[in-house]
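Asker: Below you will find the structure I want to go over with you.
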Amino acid sequence: MDELPLQTPARFLPGVGPVRAECLARLGIETAEDLLWHLPRGLVDLSEVRRVGELEPEILQTVRGEVVELDDRRISGGRRMSSVTIDSGDGFLKATWFNQSWILGRVQHGSAVLFSGKPKRRAGRWEMTHPRLQVIDADDLEAHGGLLPKYPLTDGVTMEAMRRITREVVDRFIEHVSDPLPEAWLERFDVVGLADALTGVHRPGSVEAYHAARRRLIFDDLLEFLLGLALRRRAWRAGGRAPRLPVTAKIDSRIRRRFPFELTSGQDRAVEEIAADMGLDHAMHRLLQADVGAGKTAVALYAMLVAVAAGHQAVLMAPTELLARQHWQTIEELLRGSRVERVLLTGNLTAAERRKTLERISSGEDVLVVGTHAVIQQDVEFKSLGLAVIDEQHKFGVMQRSRFADEESQQAPHVLVMTATPIPRSLCLTQFGDLDVTTIDDLPPGRQPVVTSVIWDKATREKAWEFVREQVTAGRQAFVVCPRIDSGEETGEETGEETGEETGEETGEGTGEEMSEGMGVEQTWERLREHELSGIAVGLVHGRLDVDDKSRAMQDFRDGRTRVLVATTVVEVGVDVPNATLMVVHHAERFGLSQLHQLRGRIGRGSYQGYCFLLAGRQDESAAARLEVLDQHADGFSVAEADFLLRGPGDVLGVRQHGELPLRVADLIADRELLEETRTIAFDLVRTGEIDGEEASLLHLRVLERFGELMELPRTG
Ligand code: ADP
Ligand code: MG
Numbered sequence: 223m224d225e226l227p228l229q230t231p232a233r234f235l236p237g238v239g240p241v242r243a244e245c246l247a248r249l250g251i252e253t254a255e256d257l258l259w260h261l262p263r264g265l266v267d268l269s270e271v272r273r274v275g276e277l278e279p280e281i282l283q284t285v286r287g288e289v290v291e292l293d294d295r296r297i298s299g300g301r302r303m304s305s306v307t308i309d310s311g312d313g314f315l316k317a318t319w320f321n322q323s324w325i326l327g328r329v330q331h332g333s334a335v336l337f338s339g340k341p342k343r344r345a346g347r348w349e350m351t352h353p354r355l356q357v358i359d360a361d362d363l364e365a366h367g368g369l370l371p372k373y374p375l376t377d378g379v380t381m382e383a384m385r386r387i388t389r390e391v392v393d394r395f396i397e398h399v400s401d402p403l404p405e406a407w408l409e410r411f412d413v414v415g416l417a418d419a420l421t422g423v424h425r426p427g428s429v430e431a432y433h434a435a436r437r438r439l440i441f442d443d444l445l446e447f448l449l450g451l452a453l454r455r456r457a458w459r460a461g462g463r464a465p466r467l468p469v470t471a472k473i474d475s476r477i478r479r480r481f482p483f484e485l486t487s488g489q490d491r492a493v494e495e496i497a498a499d500m501g502l503d504h505a506m507h508r509l510l511q512a513d514v515g516a517g518k519t520a521v522a523l524y525a526m527l528v529a530v531a532a533g534h535q536a537v538l539m540a541p542t543e544l545l546a547r548q549h550w551q552t553i554e555e556l557l558r559g560s561r562v563e564r565v566l567l568t569g570n571l572t573a574a575e576r577r578k579t580l581e582r583i584s585s586g587e588d589v590l591v592v593g594t595h596a597v598i599q600q601d602v603e604f605k606s607l608g609l610a611v612i613d614e615q616h617k618f619g620v621m622q623r624s625r626f627a628d629e630e631s632q633q634a635p636h637v638l639v640m641t642a643t644p645i646p647r648s649l650c651l652t653q654f655g656d657l658d659v660t661t662i663d664d665l666p667p668g669r670q671p672v673v674t675s676v677i678w679d680k681a682t683r684e685k686a687w688e689f690v691r692e693q694v695t696a697g698r699q700a701f702v703v704c705p706r707i708d709s710g711e712e713t714g715e716e717t718g719e720e721t722g723e724e725t726g727e728e729t730g731e732g733t734g735e736e737m738s739e740g741m742g743v744e745q746t747w748e749r750l751r752e753h754e755l756s757g758i759a760v761g762l763v764h765g766r767l768d769v770d771d772k773s774r775a776m777q778d779f780r781d782g783r784t785r786v787l788v789a790t791t792v793v794e795v796g797v798d799v800p801n802a803t804l805m806v807v808h809h810a811e812r813f814g815l816s817q818l819h820q821l822r823g824r825i826g827r828g829s830y831q832g833y834c835f836l837l838a839g840r841q842d843e844s845a846a847a848r849l850e851v852l853d854q855h856a857d858g859f860s861v862a863e864a865d866f867l868l869r870g871p872g873d874v875l876g877v878r879q880h881g882e883l884p885l886r887v888a889d890l891i892a893d894r895e896l897l898e899e900t901r902t903i904a905f906d907l908v909r910t911g912e913i914d915g916e917e918a919s920l921l922h923l924r925v926l927e928r929f930g931e932l933m934e935l936p937r938t939g
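Read left to right, the sequence shown gives residues 223 to 939 (the numbering used here).
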């Protein structure tokens, strides 16, 4: 089929012209094809026809009747008022228009018509102002107001105009649309053809037809995306050999001896799956997910030591400098007395130190490397990288994956990705759909669920502080988290350090004195030291401190020199201080649930009971409902699902600033079932090689056009 006509510029289309074309351009519409893909957000259903006696005031309805009276008169202000009255057999309805006398030319006494509009009852009579008027055949008993698509609009293009233009475009151009799915697959996957689908959304014959049409468009949207992921996975597996990193019984017991604890059975299973992958000569791409505190670090370290034992290097990348340092400390403790050469690569080395470090890495002298994602991705060359562990991946942005494959030698390392909190299933399928998944489904023994309370009122708040004081005096430690750095007026963006740290510190409308109380971390720190926690050593950490001050503040807290740490969400992810058992969150309503769960995960890691107080700024029903989820669910998997349903994918991933998911019709919440279905189809098409066949060439091309660059897909199938 000749697709060229679809590229007809919008301004040459009927009903458009140069002025409207500019308006349409604001919606990203340049061509006839763009208009076909300018999809309605929903339908106005005027298919139910009522009689006057059945009308309800102020809601959109369609009435059928016979014209019994026409009127046109001049009214004050030089305007004209035209009216048409109909009889529906059980009552009268009068419709009026201002300055649209031409309406009267469309009807005459006795015409059968449909009016669609919102009726009002005035002086005992039903009236409609500016209704939609449809003249019908008096014999057509089936006639109804139809199903009208509702389009996203822009200034200069009304809904009526948009409907008219799209209708024209469908009529003239739909025959040029070619279907990326082969005919035979329509039945196989139970979808309608693409041309029918586009016609069906713009000119639906019935509500069912509209839904079937939309389903096909969503199907394509998801299928193409998931095919992209499936192709990327295949390219990874095919491109470059990975070193075999076998685990012998001897290696296994040598590594296990390093840990001061027995691995849980969940950790054991994870280690087994990972070791099995690493023993193969194609690269592992595995996601490790677990609830907060389940002990992913130990699993990651096990894998790294497997690589080292096999004579290769391993790297661990963290999203922030703070976490990189913490991982480094953990590793230092566990490897005390070991001969494994290792290095922490941070952003604040001098040029000379940095050069020396990079040399040690490229010569293979250092085998174990820890650093931030940003630092490591810049210019680090490894001698023989066997494993890359990426911690808390979703903090990095949606589609980024590290690339370590060495193009010359065709060598690729094994890759293990770890998420900060459990990911809802539909997000997992889209964000990490190209990875194998390992889930640790238990926690180390002796963990008690954190007692979580949501606090709204002043009296309870005071009691909570009293409790914190008692606990701290008894030897425990506490985190206090605030949403912002300053309390004052809008301070603009408050981001983290040069590593691209996202502190998630939200900007808010905090204007009034009371509103902003407890908002800013600095003021809170001062206030607590003077009042609620006077006499107690209170530390402060936030994203605007420089790296050294930050790590000093963390170290002081870790070593117990400070008993309370007032912080922004820099402590959100991964910070591990087992003696900390209290978490107070100011303005908890400003945080996402997964984020709060993550914060709560910072405490109760040791043997003492953990307590989390969520101080909420203002009683508000939806905030209350949200925060209660945390009260009710202790495990991160349920919290993640609830957060996802309540706030949508962007908020859960913290990806607002990275742009939306690259889907154009599908909605990860509403279309979850179809997502599962298309995921199976996509991976089957790649596994069987059908995607490379002649039949699928158009589909394959679509995938490359849409996602080739984003997913770095190879051009040749
Ligand atoms: P996360 O999965 O959230 O990254 P961490 O790796 O930080 O969790 O581990 C949380 C805490 O649990 C750490 O203090 C760690 O030493 C401890 N831990 C990990 N595994 C075990 C285990 N099998 N038994 C006891 N404690 C463990
Ligand atoms: Mg962690």
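We put the CB at the ideal spot given by N, CA and C, even for glycine. What you are looking at is a predicted structure, and each value in this text was computed from that prediction instead of being measured.
1) Is D443 a contact residue of the ligand NAD, with contact defined as CB to any heavy atom under 6 Å?
2) Quick one: what does DSSP say R480 is sitting in, helix, strand or coil?
3) Suppose you measure from the CA of P236 to the CA of R386; what does that come to, to the nearest Å?
4) Look at V271 and H366 and say whether their C-beta atoms are less than 7 Å apart.
5) Kindly provide the ranges of any beta strand (DSSP E) runs that are 3 or more residues long and lie completely inside the segment 493-518, ordered along the chain.
6) If you check the beta carbons only, do R456 and D503 fall under 7 Å apart?
7) Classify S919 as helix, strand or coil using the three-state DSSP reduction.
8) How far does the beta strand (DSSP E) with H636 in it reach, from first residue to last?
9) If you compare alpha carbons, which of L375, G250, L571, D309 is closest to V274?
10) Kindly confirm or deny that the segment 480-490 and the segment 517-524 touch, where touching means at least three C-beta pairs closer than 8 Å.
11) If you count every other CB in all the chains shown that lies within 10 Å of the CB of R780, and 16 or more means buried, which is it?
12) Answer with buried or exposed for S400, where buried requires no fewer than 16 other C-beta atoms within 10 angstroms of its C-beta.
13) Classify S323 as buried or exposed, calling it buried when 16 or more other Cβ atoms lie within 10 Å of its own Cβ.
14) For the candidate residues V672, V392, A317, whose alpha-carbon lies nearest to that of L355?
15) Which residue comes first and which comes last in the alpha helix (DSSP H) that contains C834?
16) Look at the alpha carbon of G881 and the alpha carbon of R928, and state the distance between them as a whole number of angstroms.
17) Measure the C-alpha to C-alpha separation of E727 and G668 and round it to an integer number of angstroms.
18) By DSSP, does A334 sit in helix, in strand, or in coil?
19) If you follow the alpha helix (DSSP H) that D443 is in, where does it begin and where does it stop?
20) Tell me which residue opens and which closes the beta strand (DSSP E) that P371 is part of.
21) Whole-angstrom Cβ separation of P644 and Q511, contact assumed at under 8 Å?
22) The ligand ADP and T470: does the residue's C-beta get closer than 6 Å to at least one heavy atom of that ligand?
23) Taking the straight line between their C-alpha atoms, what separation do you get for A525 and R924?
24) Taking D312 as the reference, which of T351, R295, E276, A345 has the closest Cα?
25) Under DSSP, the alpha helix (DSSP H) around L420 begins and ends at which residues?
26) Rounding to the nearest angstrom, what Cα-Cα distance links L523 and T470 in this structure?
27) Are there 16 or more other CB atoms within 10 angstroms of the CB of I281, so buried, or fewer, so exposed?
28) Taking only three categories from DSSP, how would you classify D393?
29) Would you kindly report the start and end of the unbroken alpha helix (DSSP H) that includes A406?
30) Closest by CA to A546, which one among V769, V694, R827, F447?
31) Going by alpha carbons, who is nearest to E446 out of Q777, G697, L921, V423?
32) Tell me, please, whether the segment 739-755 touches the segment 814-834 by the rule of three or more beta-carbon pairs shorter than 8 Å.
33) Rank D914, T900, G911, P936 by C-alpha distance to the C-alpha of L439 and give the top, closest one.
34) Heavy atom of the ligand ADP less than 6 Å from the Cβ of R466, yes or no?
35) Could you tell me which residues DSSP pairs with T307 in its beta bridges?
36) Given a cut-off of 7 Å on the beta-carbon distance, is the pair L836 and V861 in contact?
Answerer: Considering the structure as presented:
1) Only the ligand ADP and the ligand MG can be found as ligands here, which leaves the ligand NAD out of the picture.
2) Position 258 of the sequence shown, counted from the start, is the residue given in the question as residue 480. Correct three-state label for R480: coil.
3) What you label residue 236 is simply residue 14 of the sequence shown in a count that begins at 1. What you label residue 386 is simply residue 164 of the sequence shown in a count that begins at 1. The alpha-carbon atoms of P236 and R386 are separated by roughly 9 Å.
4) Position 49 of the sequence shown, counted from the first residue, corresponds to residue 271. Position 144 of the sequence shown, counted from the first residue, corresponds to residue 366. In contact: V271 and H366 (Cβ atoms closer than 7 Å).
5) 507-512
6) As a working note, residue 456 is residue 234 in the sequence shown. As a working note, residue 503 is residue 281 in the sequence shown. For R456 and D503, no; Cβs fall outside 7 Å.
7) One-based indexing of the sequence shown puts residue 919 at position 697. Correct three-state label for S919: helix.
8) Working through the sequence shown from its first residue, we reach residue 636 at position 414. It spans 636-640 - the beta strand (DSSP E) in which H636 sits, taken as one unbroken run.
9) Within the sequence shown, the letter at position 52 stands for residue 274. Closest by alpha carbon: D309.
10) yes
11) As a working mapping, residue 780 is identified with position 558 in the sequence shown. R780 should be labelled buried.
12) Position 178 of the sequence shown holds residue 400. Classification for S400: exposed.
13) Numbered from its first residue, the sequence shown carries residue 323 at position 101. S323 should be labelled exposed.
14) By one-based count along the sequence shown, residue 355 stands at place 133. Checked all of V672, V392, A317; the closest Cα to L355 is A317.
15) Here residue 834 refers to the residue found at position 612 when the sequence shown is read from its first residue. Unbroken run through C834 is the beta strand (DSSP E), 833-837; no alpha helix (DSSP H).
16) The sequence position of residue 881 within the sequence shown is 659, counting from 1. The sequence position of residue 928 within the sequence shown is 706, counting from 1. Residue confidence for G881 is low, a pLDDT of 44 falling below 50, so the modelled location carries little weight and cannot support an answer.
17) The residue labelled residue 727 in the question sits at position 505 within the sequence shown. The residue labelled residue 668 in the question sits at position 446 within the sequence shown. Confidence at E727 is low in this model, with a pLDDT of 39, below 50, so the placement of that residue is unreliable and no value is reported for it.
18) Within the sequence shown, numbered from 1, the residue matching residue 334 stands at position 112. Strand, per DSSP.
19) One-based indexing of the sequence shown puts residue 443 at position 221. Run containing D443: 429-460, per the alpha helix (DSSP H) assignment.
20) Residue numbering aside, residue 371 sits at position 149 when the sequence shown is read from its first letter. Segment 369-372, the beta strand (DSSP E) holding P371.
21) Residue mapping note: residue 644 aligns to position 422 of the sequence shown, counting from 1. Residue mapping note: residue 511 aligns to position 289 of the sequence shown, counting from 1. The pair is a contact, with the Cβ atoms about 6 Å apart (cut-off 8 Å).
22) Start at 1 with the first residue of the sequence shown, and residue 470 comes out as number 248. Answer for T470: no, Cβ out of range of the ligand ADP.
23) Reading the sequence shown from its first residue, position 303 is the one you call residue 525. Reading the sequence shown from its first residue, position 702 is the one you call residue 924. About 38 Å.
24) One-based indexing of the sequence shown puts residue 312 at position 90. When only C-alpha atoms are compared, the closest one is E276.
25) Your numbering for residue 420 matches position 198 in the sequence shown. Start and end: 416-424.
26) As a first step, residue 523 must be located in the sequence shown, where it is residue number 301. As a first step, residue 470 must be located in the sequence shown, where it is residue number 248. Cα to Cα, L523 sits roughly 16 Å from T470.
27) By 1-based counting over the sequence shown, the position of residue 281 is 59. Exposed is the call here.
28) Here residue 393 refers to the residue found at position 171 when the sequence shown is read from its first residue. Residue state, collapsed to three classes: helix.
29) Working through the sequence shown from its first residue, we reach residue 406 at position 184. Where A406 is concerned, the enclosing alpha helix (DSSP H) stretches over 405-411.
30) For the purposes of this step, residue 546 is taken as the residue at position 324 of the sequence shown. Nearest option by C-alpha distance: V769.
31) Walking along the sequence shown from the start, residue 446 turns up at place 224. Comparing Cα-Cα distances from E446 to each of Q777, G697, L921, V423, the minimum goes to L921.
32) no
33) As a working mapping, residue 439 is identified with position 217 in the sequence shown. Ranking D914, T900, G911, P936 by Cα distance to L439 puts T900 first.
34) Your numbering for residue 466 matches position 244 in the sequence shown. The answer is no for R466.
35) The residue labelled residue 307 in the question sits at position 85 within the sequence shown. Note: T307 sits in a beta bridge opposite E291, K316.
36) Position 614 of the sequence shown, counting from 1, holds the residue named residue 836. Position 639 of the sequence shown, counting from 1, holds the residue named residue 861. No, they are not a contact pair.
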